[in-house]
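Here's the structure, in structure tokens; my notes come after.
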């Protein structure tokens, strides 16, 4: 992960944590609604983490010379 991706991931993580705390303590929803919303937020956070890390390591896809990007490094 490069510096821009790390900064973006950290900012997104901070936003999700703050949102989760607000939903958990400040919003007067039912318990099952809070659990549902927090579960969706956690799923989105994991999905974003997967996308950011998958894009940063190359994933081993083919390059123009026929070697995978993992072999070139």
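In the UniProt record's numbering, the protein residues as written are 1 to 73.
Ideal Cβ placement from N, Cα and C applies to all residues, glycine included.
A quick note: this is a predicted structure, and the numbers were derived from the prediction, not measured.
Looking only at C-alpha atoms, which of the options sits nearest to residue i?
i, options, result
"residue 16", "6, 31 and 48", "48"
"residue 20", "51, 53, 41 and 52", "41"
"residue 45", "26, 13 and 37", "13"
Roughly how many angstroms lie between the CA atoms of residue i and residue j, to the nearest whole one?
i, j, result
"residue 30", "residue 39", "14 Å"
"residue 32", "residue 10", "28 Å"
"residue 43", "residue 26", "21 Å"
"residue 3", "residue 50", "17 Å"
"residue 7", "residue 28", "32 Å"
Mind checking whether residue i and residue j have CB atoms under 8 Å apart?
i, j, result
"residue 23", "residue 34", "yes"
"residue 76", "residue 37", "Past the boundaries of the shown model lies residue 76; the chain is included only from 1 to 73, so the question cannot be answered."
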